[in-house]
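Asker: Sequences listed follow chains A and B, in order.
Read in order, the letters of the first sequence are residues 4 to 361 in the working numbering.
Read in order, the letters of the second sequence are residues 33 to 315 in the working numbering.
From the three backbone atoms N, C-alpha and C, an ideal C-beta is built for every residue, glycine too.
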Amino acid sequence: MTAPKAVNPGRRKFTTGVAVAAVAPTMFWIKKAAAAEQVIVRTPGGVFDDVKKETIYDPFRKETGIEVVPVAATTAKLMAMMKSGQNELDLIDTGDSTLLELEKSNYLMPINYDEFKYTNPADIDPVVKRKYQVGCFIYAMVLGFNTKAIPVGTEPKSWAEFWDLKKFPGRRTLPDMASGTPSLEFALIADGVPMDKLYPLDIDRAFKSMSRIRSAIPKFWDTGALSSTMLADNEVSMGALWSTRAAVAIDQGAPLGIQWNQNALLAQAYGIPVGAKNLANAKKFIDYSSTPEAQARWLAKYKAIPVNTKAYGATSRDLIDPATKTPWTKSKGFLLDINWWADNRQKVGQYWSKWIIG
Amino acid sequence: MTVKKSRKFSDATVFILPAVLLLALVFVGPLIWFFIQALASVGTPAEMLSYAWTIITSKAVVTALMTTNWISLMVTLLVLLISYPLACYLANNQGMRFTLVLFCIVVPYFTSIIVRTYSWMVLLGRNGIINQVLLYLGVINEPLALLYTKTGILIGMVYVLLPYMVLTLFATMKAIDPSLMRAARGLGASGFYAFTRIYFPLSVHGVVSGSLIVFILSIGFFITPALMGGPSDVMIAMLIERSVEIMFDWSGAAIMSLLLLFATLVLYGIYYRVTDVRRMMGA
Numbered sequence: 004m005t006a007p008k009a010v011n012p013g014r015r016k017f018t019t020g021v022a023v024a025a026v027a028p029t030m031f032w033i034k035k036a037a038a039a040e041q042v043i044v045r046t047p048g049g050v051f052d053d054v055k056k057e058t059i060y061d062p063f064r065k066e067t068g069i070e071v072v073p074v075a076a077t078t079a080k081l082m083a084m085m086k087s088g089q090n091e092l093d094l095i096d097t098g099d100s101t102l103l104e105l106e107k108s109n110y111l112m113p114i115n116y117d118e119f120k121y122t123n124p125a126d127i128d129p130v131v132k133r134k135y136q137v138g139c140f141i142y143a144m145v146l147g148f149n150t151k152a153i154p155v156g157t158e159p160k161s162w163a164e165f166w167d168l169k170k171f172p173g174r175r176t177l178p179d180m181a182s183g184t185p186s187l188e189f190a191l192i193a194d195g196v197p198m199d200k201l202y203p204l205d206i207d208r209a210f211k212s213m214s215r216i217r218s219a220i221p222k223f224w225d226t227g228a229l230s231s232t233m234l235a236d237n238e239v240s241m242g243a244l245w246s247t248r249a250a251v252a253i254d255q256g257a258p259l260g261i262q263w264n265q266n267a268l269l270a271q272a273y274g275i276p277v278g279a280k281n282l283a284n285a286k287k288f289i290d291y292s293s294t295p296e297a298q299a300r301w302l303a304k305y306k307a308i309p310v311n312t313k314a315y316g317a318t319s320r321d322l323i324d325p326a327t328k329t330p331w332t333k334s335k336g337f338l339l340d341i342n343w344w345a346d347n348r349q350k351v352g353q354y355w356s357k358w359i360i361g
Numbered sequence: 033m034t035v036k037k038s039r040k041f042s043d044a045t046v047f048i049l050p051a052v053l054l055l056a057l058v059f060v061g062p063l064i065w066f067f068i069q070a071l072a073s074v075g076t077p078a079e080m081l082s083y084a085w086t087i088i089t090s091k092a093v094v095t096a097l098m099t100t101n102w103i104s105l106m107v108t109l110l111v112l113l114i115s116y117p118l119a120c121y122l123a124n125n126q127g128m129r130f131t132l133v134l135f136c137i138v139v140p141y142f143t144s145i146i147v148r149t150y151s152w153m154v155l156l157g158r159n160g161i162i163n164q165v166l167l168y169l170g171v172i173n174e175p176l177a178l179l180y181t182k183t184g185i186l187i188g189m190v191y192v193l194l195p196y197m198v199l200t201l202f203a204t205m206k207a208i209d210p211s212l213m214r215a216a217r218g219l220g221a222s223g224f225y226a227f228t229r230i231y232f233p234l235s236v237h238g239v240v241s242g243s244l245i246v247f248i249l250s251i252g253f254f255i256t257p258a259l260m261g262g263p264s265d266v267m268i269a270m271l272i273e274r275s276v277e278i279m280f281d282w283s284g285a286a287i288m289s290l291l292l293l294f295a296t297l298v299l300y301g302i303y304y305r306v307t308d309v310r311r312m313m314g315a
């Protein structure tokens, strides 16, 4: 050791400790990277990952020897990563709108359905089978309500009723612009626009319609957690929220009900970023996790609708319309047009900024 | 002489170098990169300026700036009002009392801000504990709108920012020689008179620097107002986040961030002038 004798051992110990603490995570990372074949996936994290690890990642590793490494990243971080050419991801697991934005900036590679070995591409719901992204599950923006405040069966059955403050008094919530997609579609439906003639959205009319119930909305939600918390705490008695969020809250015992009429279909999806280092593994992972078996195993625990139509049989019964034996999104929903939103989000955002303070 | 001086200089430089490098590498560099990337996409400098002007003068940004300033000012005043007596108590007590109060102030500081904010939401909601108790006691007939209002933001932010003020004030007050107060009293000054003429003037630079810290932190606040505020309580940091995350309008976000950064630097400049930083650090 060349260290001067004057340094007391306590301090040296401390310094060494700091040095180890600083280097340790990197060592861990390198060790992990060198371990085996892997695929680095951006995921939403949290409960989502816990369930997916058990039902998809672990079986996938057993089957192929490829380890799935989940990484958290916000949309802005993804954009920054791609913009600076510092992509460290092999696969992005996120909302269909975000993937579309990445696609428009030429940051995604096409999905090669022809190379699928585990899954028959024909089984994938065409609604989420796109050139640059493929759905991993389907969910919806639905009308949710607190069952203690509004007993099941007496809830509003349409957005027109949701907008009717006289017939259904009480506080409500709707998504904020910060959630990405405020409920302009529901506002238009409530105002009399038929579900199949929504697009292109009449922004002006939609905001006028929202103004009619603004007084009953104490808070627009920006994150999914807030929407279900407000409903569960009866801070609001009804609101528009993601079906997956509602399902998680219901499973935890919250008094929440879902009315599926006029729901807006959304998808969580996979996209492969340009520059993916483990490209083959990413493709294999998409292929594997789209099989009816993997979808059934996963989505029995995480309450969402499979993209593989062969997996409907194993889907949670809450998600299937008993009248048609198809998912509620098919029987009662409409497809949220992410292309319209990608083209108009900035315009809506500017409109929103003025409307919200006015 | 000169050799010794330069060695002294280089010694100090060596110690500060890692911090400066780290800051340059992970903060200043990326910041400049972001601004250049974001603004370059607008076009020529003239276009950039006119774009910046449109953004800064837009109703949304002006209103957000006013809201931000108003909330930050109120938070600073409230924090000061609560912290001053607390810090005074801490500076003049030892042993268990000191430890206990300090513990209560500092421990929440180490808890995640999101957890603390959600806890407040449980307490303040329409069906929250506070409203339940007040309704039960008959103090109120209808739940108070504590959450999703400016009141909610103030409560949440005051709570989060309290330790910064208390600790700053405590450092100043601890340095006040207690014999000065005793002398004043001994010479016949009333307690109030001694406080206003001796103690408070001596503590005033702590008040100024504490207030500046709290104000600086307030204008960039995001989580608490986003979660606890009402629909129209939009602070500038929330606008920036929305521009980056949702609308991918990085140029707009960059302009608003520059505005916020500028305000912060100006305030920090004042802070640096007013406060003897070395004394604050206990040197």
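Taking only beta-carbon atoms, is T89(B) less than 8 Å away from chain A?
Answerer: Position 57 of the second sequence holds residue 89(B). False, the Cβ-Cβ gap to chain A never drops below 8 Å.
Asker: Round the Cβ separation of A307(A) and I114(A) to the nearest angstrom and send it over; I've been treating them as touching at under 8 Å.
Answerer: Start at 1 with the first residue of the first sequence, and residue 307(A) comes out as number 304. Start at 1 with the first residue of the first sequence, and residue 114(A) comes out as number 111. Incorrect: roughly 20 Å between the Cβ atoms, too far for contact.
Asker: Which value, in whole angstroms, describes the spacing of the CA atoms of P185(A) and Q69(B)?
Answerer: The residue given as residue 185(A) occupies position 182 in the first sequence. The residue given as residue 69(B) occupies position 37 in the second sequence. Computed Cα separation, rounded: 29 Å.
Asker: For chain A, find out if any of its Cβ atoms is closer than 8 Å to the Cβ of I48(B); answer yes or no.
Answerer: Within the second sequence, residue 48(B) is the residue found at index 16, counting from 1. Output row for I48(B): interface = no.
Asker: Please return the same chain residues whose Cβ sits closer than 6 Å to the Cβ of M84(A), not counting the five positions on each side in sequence.
Answerer: The residue you call residue 84(A) lines up with position 81 of the first sequence. Within the same chain, M84(A) has close Cβ partners N90.
Asker: Are V74(B) and L271(B) closer than 8 Å when you measure CB to CB?
Answerer: Locating residue 74(B) in the second sequence gives position 42, where the first residue counts as 1. Locating residue 271(B) in the second sequence gives position 239, where the first residue counts as 1. No. Outside cutoff.
Asker: In the DSSP assignment, what residue or residues form a beta bridge with Y142(A)?
Answerer: The count along the first sequence starts at 1 and reaches residue 142(A) at position 139. DSSP, once it has assigned bridges, lists L269(A) as partnering Y142(A).
Asker: Which of the three DSSP states is assigned to N284(A) in this structure?
Answerer: What you label residue 284(A) is simply residue 281 of the first sequence in a count that begins at 1. N284(A) falls in the helix class under three-state DSSP.
Asker: Just grab the DSSP bridge partners of E70(A) for me.
Answerer: Walking along the first sequence from the start, residue 70(A) turns up at place 67. DSSP output for E70(A) lists Q41(A) as bridge partner(s).
Asker: With a cut-off of 8 Å on the beta carbons, I'd call L194(B) and V60(B) a contact; round off their distance for me.
Answerer: The residue labelled residue 194(B) in the question sits at position 162 within the second sequence. The residue labelled residue 60(B) in the question sits at position 28 within the second sequence. About 30 Å separates the two Cβ atoms, so there is no contact after all.
Asker: Between the alpha carbons of A193(A) and W355(A), how many angstroms are there, rounded?
Answerer: Walking along the first sequence from the start, residue 193(A) turns up at place 190. Walking along the first sequence from the start, residue 355(A) turns up at place 352. Their Cα atoms are separated by approximately 19 Å.
Asker: Out of L212(B), M288(B), L156(B), G170(B), which has the shortest C-alpha to C-alpha gap to A177(B)?
Answerer: Reading the second sequence from its first residue, position 145 is the one you call residue 177(B). It is L156(B) whose Cα lies nearest to the Cα of A177(B).
Asker: I need the straight-line Cα distance from G183(A) to N163(B), nearest angstrom please.
Answerer: Locating residue 183(A) in the first sequence gives position 180, counting from the first residue. Locating residue 163(B) in the second sequence gives position 131, counting from the first residue. Going by the C-alpha atoms only, they are around 33 Å apart.
Asker: Suppose you measure from the CA of A226(B) to the CA of T45(B); what does that come to, to the nearest Å?
Answerer: By 1-based counting over the second sequence, the position of residue 226(B) is 194. By 1-based counting over the second sequence, the position of residue 45(B) is 13. Taking the straight line from one Cα to the other gives about 45 Å.
Asker: What are the boundary residues of the beta strand (DSSP E) that includes I95(A)?
Answerer: To locate residue 95(A), count along the first sequence from 1; it is residue 92. 94-98 is the extent of the beta strand (DSSP E) around I95(A).
Asker: Counting only beta-carbon separations shorter than 8 Å, does D281(B) have a partner in chain A?
Answerer: Indexing the second sequence from 1 puts residue 281(B) at position 249. Yes - at least one Cβ of chain A is within 8 Å of the one on D281(B).
Asker: Report the option in T204(B), M260(B), M189(B) whose CA atom is closest to the CA atom of V240(B).
Answerer: Taking the second sequence and counting its residues from 1, one reaches residue 240(B) at position 208. When each option's Cα is compared against that of V240(B), the closest is T204(B).
Asker: On a Cα-Cα basis, can you pick out the residue from I341(A), G156(A), A219(A) that is closest to E104(A)?
Answerer: As a working note, residue 104(A) is residue 101 in the first sequence. Checking every option, the nearest Cα to that of E104(A) belongs to I341(A).
Asker: Taking Cβ positions only, does K211(A) come closer than 8 Å to chain B?
Answerer: Taking the first residue of the first sequence as 1, we reach residue 211(A) at position 208. Judged by the 8 Å Cβ criterion, K211(A) is not in contact with chain B.
Asker: When the Cα atoms are used, what is the spatial distance from M106(B) to T99(B)?
Answerer: Position 74 of the second sequence, counted from the first residue, corresponds to residue 106(B). Position 67 of the second sequence, counted from the first residue, corresponds to residue 99(B). Distance between the alpha carbons of M106(B) and T99(B): 11 Å.
Asker: Give, in chain order, every unbroken run of the beta strand (DSSP E) that is at least 3 residues long and sits entirely within the stretch 60-129 of chain B.
Answerer: Runs found: none.
Asker: From the beta carbon of A44(B), is the nearest beta carbon of chain A less than 8 Å away?
Answerer: Here residue 44(B) corresponds to residue number 12 of the second sequence, with the count starting at 1. Not closer than 8 Å to any Cβ of chain A, the Cβ of A44(B) fails to qualify, so no.
Asker: Could you confirm whether any beta carbon from chain A is found closer than 8 Å to the beta carbon of S151(B)?
Answerer: On the second sequence, position 119 is the one that residue 151(B) refers to. With 8 Å as the cut-off, S151(B) does not count as an interface residue toward chain A.
Asker: Enumerate, from N- to C-terminal direction, the unbroken alpha helix (DSSP H) stretches of 4 or more residues contained entirely within the stretch 273-327 of chain A.
Answerer: Runs of the alpha helix (DSSP H) inside the stretch 273-327 of chain A: 282-292, 295-304.
Asker: So who's on the other strand from R175(A), going by DSSP bridges?
Answerer: Along the first sequence, one-based indexing puts residue 175(A) at 172. According to DSSP, which records beta bridges pairwise, R175(A) is partnered with M241(A).
Asker: Taking C-beta pairs closer than 9 Å, name the residues in chain B that I359(A) reaches, listed in chain order.
Answerer: Here residue 359(A) refers to the residue found at position 356 of the first sequence. By Cβ distance, chain B contributes A92, P263, S264, V266.
Asker: What does DSSP give as the partner residue(s) for P330(A) in the beta ladder?
Answerer: Here residue 330(A) refers to the residue found at position 327 of the first sequence. In DSSP, P330(A) forms a bridge with I323(A).
Asker: For chain B, check one thing: does any of its Cβ atoms lie closer than 8 Å to the Cβ of Q255(A)?
Answerer: Within the first sequence, numbered from 1, the residue matching residue 255(A) stands at position 252. Chain B contact via Cβ: absent.
Asker: Can you grab the Cα-Cα spacing for the pair I245(B) / Y150(B), in whole Å?
Answerer: As a working note, residue 245(B) is residue 213 in the second sequence. As a working note, residue 150(B) is residue 118 in the second sequence. In a straight line, the C-alpha of I245(B) is about 24 Å away from that of Y150(B).
Asker: For a test of the three-state rule: what should DSSP assign to L111(A), helix, strand or coil?
Answerer: Locating residue 111(A) in the first sequence gives position 108, counting from the first residue. Note: L111(A) maps to strand in three-state DSSP.
Asker: Thinking C-alpha only, which one of I95(A), L81(A), K65(A), G48(A) is nearest I289(A)?
Answerer: In the first sequence, counting from the first residue as 1, residue 289(A) sits at position 286. Measuring from the Cα of I289(A), the nearest candidate turns out to be I95(A).
Asker: Using the Cα positions of T76(B) and G262(B), report the straight-line distance between them to the nearest angstrom.
Answerer: Your numbering for residue 76(B) matches position 44 in the second sequence. Your numbering for residue 262(B) matches position 230 in the second sequence. Whole-angstrom Cα-Cα distance: 39 Å.
Asker: What residues in its chain sit with their C-beta under 6 Å from that of K35(A), if we drop five residues either side in the sequence?
Answerer: Counted from its first residue, the first sequence places residue 35(A) at position 32. The predicted model places K35(A) with a pLDDT of 49, which falls under 50 and marks its position as unreliable, so this point remains unresolved.
Asker: Just the chain A side, please: which residues come within less than 8 Å of N159(B) by C-beta, in chain order?
Answerer: Your numbering for residue 159(B) matches position 127 in the second sequence. D236, N237, E238, listed in chain order.
Asker: To the nearest angstrom, how far is the alpha carbon of T230(B) from that of A123(B)?
Answerer: The residue you call residue 230(B) lines up with position 198 of the second sequence. The residue you call residue 123(B) lines up with position 91 of the second sequence. First, the residue type needs correcting, since residue 230(B) is Ile and not Thr in the sequence shown. Answer to the nearest angstrom: the Cα atoms are 15 Å apart.
Asker: Going by DSSP, what residues sit across from L338(A) in a beta bridge?
Answerer: Residue 338(A) sits at position 335 when you count from the first residue of the first sequence. According to DSSP, which records beta bridges pairwise, L338(A) is partnered with L268(A).
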